[in-house]
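Take a look at the structure below.
There are 2 protein chains.
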Amino acid sequence: MLNFTFSNKTRVHFGENQISQVTNEIPLSAKVLLTYGGGSIKKNGVYDQVIEALAKHTVFEFSGIEPNPSYETSMKAVALVKQENIDYILAVGGGSVVDASKFIAAAAEFNGEPWDILAKGAKVESAVALGVVLTLPATGSESNGGAVISKLATKDKLAFMSEFVLPQFAVLDPSVMNSLPARQLSNGVVDAFIHTTEQYLTYSVNAKIQDRFAEGILHTLIEEGPKLFTDEKNNDVNANVMWSATQALNGLIGSGVPQDWATHMIGHEITITFGLDHAQTLAIVLPRLLWEMRETKQDKLLQYASRIWGINEGDTESRIKLAIEKTEQFFHSVQMKTRFSDYQLGEEVVEVIVSQLERHGLTQLGEKQLITLDHSRNILKQSL
Amino acid sequence: MLNFTFSNKTRVHFGENQISQVTNEIPLSAKVLLTYGGGSIKKNGVYDQVIEALAKHTVFEFSGIEPNPSYETSMKAVALVKQENIDYILAVGGGSVVDASKFIAAAAEFNGEPWDILAKGAKVESAVALGVVLTLPATGSESNGGAVISKLATKDKLAFMSEFVLPQFAVLDPSVMNSLPARQLSNGVVDAFIHTTEQYLTYSVNAKIQDRFAEGILHTLIEEGPKLFTDEKNNDVNANVMWSATQALNGLIGSGVPQDWATHMIGHEITITFGLDHAQTLAIVLPRLLWEMRETKQDKLLQYASRIWGINEGDTESRIKLAIEKTEQFFHSVQMKTRFSDYQLGEEVVEVIVSQLERHGLTQLGEKQLITLDHSRNILKQSL
């Protein structure tokens, strides 16, 4: 096991009817900015519950945060935060709203050009306090300090991390998943699954708890994910998927182990250039990336084949091949496609994405930094 | 899954040479009280590392905290904390030192008779800040808000919980385990194992992540625990056991699920009356408690039999019986005995313990409060 420091102070309120916890979580003296997306929260009752919980607070609103939230939109909210002296941001939505709110929280107190936080790794030294009411389980952003923001003008999709934007609290009510469209559920399950593999399918450092917990998340998503699209969907299924997604990226399973994240880096470039949903890009890249890097990932891929898919027979290559096939079948079972051609995209994507990776300096990706542009090119070609 | 609120803000520094983190964790302005036990930390180098880390701090010391720490000893430290205006306690030791330090931290700021915190559930409303350098993985006390204290004068062993005594930070250096005697290693493995079963072997609420994580801890302890007593012992083995013990009782696997704790309640009475180590009592009680309550715990016992021990054949009773036998064999494999007779105790224990349980109002124990004094009596009789 590698040395690590782990802490996560986000207070999670999990279960039905927990949105009322917002009342006591946010000081009554705070000026609150409610941030949200396209307005689905007004149809599913979440908005009403939040407003009721904040009945005695001073509340401002900022809506219209888009999927793959943009720097451009976020900066409008930053202006509002400064103008109204907001001192608490309550993000009500999925990963996009939460990520945007983190950037808004940091940018509002940043001296200088906030884009530098993303583009130059400029240090965040304070942020407006942040709380979350989660409406879509997927990114784990509700209890971590990371966020991904896109600059539309320049086609940059970049990440930053700061303990200052870790949410103070997060409300996870699984019943809100009942109003989600299938596409968002597919995205959520696949995103959580691949967050887990990014921290698990690397090389072994004999970190047994981290491996077992990662496997527990994968098993749960495999068992429960497909039920979301059938009559078996109920609040227990929702809850198990929701809690999986949080555990997949709250820092716990990644503590003391190597991490990959190449699938995400390549995926980000696909989203910013071709507009696919984040999880759609991951599901295209992961199967081919695992195959491309099967030698350096061999031990963990064999462990994955055995413990997750029960594959114990055959030679090494055939076991790995079958495990990757099973993974792709699982994605299909949650209504997720796994090829560029499924989105009417062809060979034209390959060099565009490779150029983007090169432009962003992403020429040595993965847990051992062995994924060169040639590897990325091959992964993309095999994914057509 | 049941509704829950989970948070755990203890910052864990894990790995070799992490004791130096103490320097930055404790404000330089703080007056620090170093608390420890019988002095083994002076032989294994931990004391020297801590003193080096606190070279620029003002440090007082309080040693002599015993296993199953007492109210009587703790109150001496409380007097010192008040006299010297201590504002940070650094507990260096195992669960006993940490638990005592929690009580000291709370009692020093408590208005009234501190014993009421334990005996009457009097509310803790503040506490001296607490940090931990852990020397013995077992209780999970390094990152939870619970503590168990014994009053020798009256043979009471009682617990309290408060978020105010949750350690601010905990240093977990697995190499400190190399100097531990076998008996303490046995105790640690068994304690962590039974903390896990107390939160897992109840009844199903379809909480799949919690089940999988609990099973991950059990698997790891079963795989790694016995190696502590062989040539296979190394820092990876130490680390896996140590991280298992923390995860077993930091609140995570118990969130959203029913909990038992009857084994602990019965065990506490055995320790306070007959002096057995805490984990020794648990290893005696658990096998018979699981058998006694096999009907109400049936579904989880069958899941345990299958997932942990690979037992999938035979009728219900025989599968449960075999799983319990395997559990007991595992305890033996980590040099832990499982019968009163192993400690030269006989039938005389039964009514003494039953009286203690009655005196403490522990007449309806377990996740469904179905463990009456008659059940406890039978569990004890079967454990002779």
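Protein sequence lines, in the order shown, are assigned to chains A and B.
Each step along the first sequence adds one to the number in our numbering, with nothing skipped, and position 343 is 343.
In our numbering, each residue carries its 1-based index in the second sequence increased by 384.
Every residue, glycine too, gets a C-beta built ideally from N, C-alpha and C.
Note that the structure is a prediction, hence the values are computed from the model and not measured.
Closest to residue i by C-alpha separation, out of the options, would be which residue?
i, options, result
"A/Asn240", "B/Arg596, B/Val621, B/Glu607, B/Ala646", "B/Arg596"
"B/Gln583", "B/Glu751, B/Ala475, B/Thr523", "B/Glu751"
"B/Asn571", "B/Gly496, B/Asn618, B/Asp758, B/His662", "B/His662"
"B/Leu764", "B/Glu735, B/Thr680, B/Ile488, B/Trp645", "B/Glu735"
"B/Leu564", "B/Tyr420, B/Gln728, B/Asn428, B/Gly730", "B/Asn428"
"A/Ser255", "B/Thr389, B/Met385, B/Arg395, B/Ser391", "B/Arg395"
"A/Val32", "A/Ile209, A/Thr246, A/Ala91", "A/Ala91"
"B/Leu660", "B/Asp726, B/Ile637, B/Arg672", "B/Asp726"
"A/Leu54", "A/Glu25, A/Gly64, A/Lys82", "A/Glu25"
"B/Gln552", "A/Asn8, A/Ser383, A/Ala245, A/Pro258", "A/Asn8"
"B/Thr523", "B/Asp432, B/Ile449, B/Met626, B/Phe446", "B/Met626"
When the Cα atoms are used, what is the spatial distance from residue i to residue j?
i, j, result
"A/Lys123", "A/Ile117", "7 angstroms"
"A/Gln184", "A/Val190", "10 angstroms"
"A/Thr409", "A/Ala248", "Residue 409 of chain A is absent from the model: chain A starts at 1 and stops at 384."
"A/Gly39", "B/Glu599", "41 angstroms"
"B/Tyr455", "B/Gly651", "19 angstroms"
"B/Asn590", "A/Glu313", "32 angstroms"
"A/Ser318", "B/Lys486", "55 angstroms"
"B/Ser666", "A/Asp156", "Note on residue identity: the sequence assigns Leu, not Ser, to residue 666 of chain B. So the alpha carbons of these two residues sit roughly 57 angstroms apart."
"A/Arg359", "A/Lys227", "41 angstroms"
"B/Thr722", "B/Thr647", "13 angstroms"
"B/Ile488", "B/Ser413", "21 angstroms"
"A/Asn234", "B/Tyr587", "19 angstroms"
"A/Leu166", "A/Asn250", "10 angstroms"
"B/Tyr688", "B/Leu674", "11 angstroms"
"A/Trp261", "B/Gly730", "59 angstroms"
"B/His716", "B/Leu686", "22 angstroms"
"B/Ile708", "B/Thr419", "39 angstroms"
"B/Gly694", "A/Gln382", "39 angstroms"
"B/Gly477", "B/Arg761", "35 angstroms"
"A/Glu61", "B/Gly515", "41 angstroms"
"A/Glu348", "A/Gln259", "30 angstroms"
"A/Pro27", "A/Asp87", "10 angstroms"
"A/Phe6", "B/Asp432", "25 angstroms"
Under 9 angstroms between beta-carbons, which chain A residues line up against residue i? List them in chain order, please.
i, result
"B/His603", "Lys208, Arg212"
"B/Asn387", "His13, Phe14, Gly15, Glu16, Asn17, Gln18"
"B/Trp675", "In chain order: nothing, as chain A lies at least about 27 angstroms away."
"B/Asp620", "Met1, Val205, Asn206, Ala207, Lys208"
Just checking my contact of residue i with residue j at CB under 8 angstroms: how many whole Å lie between their CB atoms?
i, j, result
"B/Met720", "B/Gln664", "7 angstroms"
"A/Val22", "A/Val133", "7 angstroms"
"A/Ala192", "A/Phe229", "Actually they do not touch by this definition, with Cβ atoms about 16 angstroms apart."
"B/His397", "B/Val555", "5 angstroms"
"A/Glu16", "B/Asn387", "7 angstroms"
"A/Val128", "A/Ile89", "5 angstroms"
"B/Thr657", "B/Ile737", "7 angstroms"
"B/Thr519", "B/Val430", "6 angstroms"
By the criterion of Cβ-Cβ separation under 7 angstroms, what are the contact partners of residue i in chain A?
i, result
"B/Gly640", "Phe14"
"B/Ala623", "Met1"
"B/Gln631", "Ile209"
Less than 8 angstroms between the beta carbons of residue i and residue j, yes or no?
i, j, result
"B/Met561", "B/Pro498", "no"
"A/Phe330", "A/Ile222", "yes"
"B/Glu526", "B/Ser510", "no"
"A/Leu370", "A/Thr363", "no"
"B/Ala531", "B/Phe544", "yes"
"B/Leu741", "B/Glu653", "yes"
"A/Ala119", "A/Leu158", "yes"
"B/Gly421", "B/Ser480", "yes"
"B/Ser559", "B/Asn622", "yes"
"A/Ser150", "A/Asn68", "yes"
"B/Val359", "B/Ala484", "Given that chain B is displayed from residue 385 to residue 768, the structure contains no residue 359 of chain B and the question cannot be resolved."
"A/Ile19", "A/Asp173", "yes"
"B/Lys592", "A/Glu224", "yes"
"B/Ile649", "B/Leu749", "The sequence shown places Met at residue 649 of chain B, not Ile. Yes. Within cutoff."
"B/Met459", "A/Asp236", "no"
"A/Leu201", "A/Lys321", "no"
Kindly list, in the order they appear in chain A, the residues whose Cβ is closer than 8 angstroms to that of residue i.
i, result
"B/Phe390", "Arg11, Val12, Phe14"
Give the residues of chain B in contact with residue i, contact being defined as C-beta atoms less than 8 angstroms apart.
i, result
"A/Glu224", "Lys592"
Residue i touches chain B at which residues, Cβ-Cβ below 9 angstroms?
i, result
"A/Ser141", "The contacting residues do not exist; A/Ser141 stays about 17 angstroms from chain B at best."
Is it the case that the CB of residue i approaches a heavy atom of the ligand PLP more closely than 7 angstroms?
i, result
"A/His360", "With respect to the ligand PLP, the structure offers nothing, as it holds no ligand at all."
So residue i contacts chain B; which residues on that side make the cut at Cβ distance below 7 angstroms?
i, result
"A/Ser244", "Ile593"
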